[in-house]
Amino acid sequence: MPGLKVQFLGSGDAFGHGGCLQACILLQWEGRRVLLDCGASAMISLQRYGVEPNSIHGILISHLHGDHFGGLPFFILDAQLHSKRTAPLLLAGPVGLAPRLEQAMEVNFPGSSQIQRKFATQITELAPGPAQDWCGLSVRAAEGLHASGAPALALRIEAAGKSLAYTGDTQWVDDLSPLLSGADLLIAEAYFHERPIKFHLSCTDVLARRGALNPGRLIFTHMSQDMLAHVGELPGETADDGLELIL
Ligand SMILES: [Zn+2]
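Those letters in the sequence shown? Residues 896 to 1142, per our numbering, in order.
Here's what the structure looks like:
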């Protein structure tokens, strides 16, 4: 399959607005598969869209809120108990991912973090800075402004000669511009339509910077009811569960 295939397995906010599943974006290129974010509903996403969990090579996490990383304990337990995974599982996310994942596993399934697994879990903690190779792609991070007990990252990945930038959840900070600019696809949070909300982007925030960021294609995601009420009247595309495209 040429190019970079992007499929929204979950396009919602934390609260199920619009009936959408939580953040979970499947990236496929040259026989590899990575999830970009893994919200608490990620296993439902995989089942709904027929994605075999063992076909996922790695999971890249933007920040440590449940609607973005809360699916990891379920993914890991499924890998151990049902999918019988043997291949290493590569995880990458903000500094602090390793201890927070252990805590999340213990809160949800006490004892689960200590059980011997038949596969290795390799955790890479990403800091803002130069691009690094991870799971067959190039990934670069910048720190946004979103209180989550650890740095919240905006991410830029390059794979199959294509670039994808993802805001994650963040209030706008100018430090994000270099990372988000000029990508073939910009996936941007649009939590509210116009109303400024601390620690989040509105659709208006993103559109005000669209010219400067100059994405090849722009897709809004992570929409609350307020934003969903404007879908169809916006100068831009909106994600929906199941939406797929090829860059
Ligand atoms: Zn979120």
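Glycine is no exception: its CB is placed at the ideal position from the N, C-alpha and C atoms.
May I ask whether a heavy atom of ligand 1 can be found less than 8 Å away from the beta carbon of residue i?
| i | result |
| --- | --- |
| ASP1197 | This structure gives no information on residue 1197, because the portion of the chain shown stretches from 896 to 1142. |
| ASP1069 | no |
| ALA1045 | no |
| ALA999 | no |
| ALA1085 | no |
| HIS1117 | yes |
| ALA918 | yes |
| ALA935 | no |
| ALA1134 | no |
| ASP1100 | no |
| ASP1121 | no |
Whose CA, out of the options, lies closest to the CA of residue i?
| i | options | result |
| --- | --- | --- |
| PRO1023 | HIS912, ALA1015 and ALA1045 | ALA1045 |
| LEU992 | ARG1012, GLN1017, HIS977 and GLN1011 | GLN1017 |
| GLN1066 | LEU1081, ALA1049, PHE1094 and SER1072 | PHE1094 |
| PHE964 | GLU1053, ASP932 and LEU972 | ASP932 |
| LYS900 | ARG928, GLY1111, GLY907 and ALA909 | ARG928 |
| ALA1134 | TYR1086, THR1099 and ILE1092 | TYR1086 |
| PRO1091 | GLN902, ARG1012 and ASP1121 | ASP1121 |
| GLN902 | LEU922, ASP1100 and ASP908 | LEU922 |
| LEU1048 | PRO989, LEU1096, GLU1089 and MET1118 | PRO989 |
| LEU1108 | SER1072, LEU1138 and GLY1063 | SER1072 |
| GLN1011 | ALA982, PRO983 and GLN975 | GLN975 |
| PHE970 | ILE939, ALA1054 and GLY945 | ILE939 |
| MET1118 | GLY905, LEU996 and LEU1075 | GLY905 |
| PRO968 | GLY1006, GLY945 and THR981 | GLY1006 |
| GLU925 | ALA937, GLY1137, SER950 and GLN1009 | SER950 |
| PRO983 | PHE1004, ASP1064 and LYS1013 | LYS1013 |
| GLU1084 | GLY1077, ARG1104 and GLY1063 | GLY1063 |
| SER1097 | ARG1104, HIS1088 and ARG1105 | HIS1088 |
| HIS958 | LYS1057, GLY1077, ARG995 and ALA1015 | ARG995 |
| ALA1054 | LEU1142, TYR944 and ALA937 | LEU1142 |
By Cβ distance, which residues of its chain are closer than 6 Å to residue i, with the 5 residues on each side in sequence left out?
| i | result |
| --- | --- |
| GLN913 | The question names Gln, but residue 913 is Gly in the sequence shown. Correct list, in chain order: LEU1123. |
| SER961 | Here the sequence assigns Gly to residue 961, which means Ser is not the residue at that position. Answer for GLY961: ALA935, listed in chain order. |
| ILE1082 | TYR1061, ILE1114 and THR1116 |
| ALA909 | ASP962 |
| ARG1112 | LEU1080 |
| PRO1110 | ALA1078 and LEU1081 |
| ARG980 | ASN949, ALA974 and PHE1014 |
Please work out which residues of its chain come closer than 8 Å, Cβ to Cβ, to residue i, disregarding the five sequence neighbours upstream and downstream, and give them in chain order.
| i | result |
| --- | --- |
| ASP987 | Here the sequence assigns Ala to residue 987, which means Asp is not the residue at that position. Same-chain partners within the cutoff: GLY953, ILE954, LEU955, ILE956, ILE1018, THR1019, GLU1020, LEU1021, TRP1029, CYS1030 and VAL1034. |
| THR1099 | HIS1088 and GLU1089 |
Using a Cβ-Cβ cutoff of less than 7 Å, which residues in the same chain neighbour residue i once the five nearest sequence positions on both sides are dropped?
| i | result |
| --- | --- |
| LEU1140 | VAL901 |
| VAL1068 | GLY1039 and LEU1040 |
Strictly under 9 Å for the Cβ-Cβ distance: is residue i near chain B by that measure?
| i | result |
| --- | --- |
| ALA1083 | Any reference to chain B falls outside this structure, which holds one protein chain only. |
Quiz item: Which ranges does the alpha helix (DSSP H) cover as unbroken runs of at least 4 residues, wholly within the segment 1072-1126, from first to last along the chain?
Solution: 1072-1075, 1098-1103, 1105-1108 and 1120-1123
Quiz prompt | Complete beta strand (DSSP E) runs within the segment 982-1022 (minimum length 3 residues, chain order) | solution = 984-989 and 1016-1021
Self-check item: Continuous alpha helix (DSSP H) assignments of at least 4 residues falling wholly in the segment 907-977
Solution: If one requires a minimum length of 4 residues, the alpha helix (DSSP H) runs lying completely within the segment 907-977 are 937-943, 961-964 and 967-976, in chain order.
Self-check item: Within the segment 1036-1075, ranges of the beta strand (DSSP E) (whole runs, at least 3 residues)
Solution: 1048-1054 and 1057-1061
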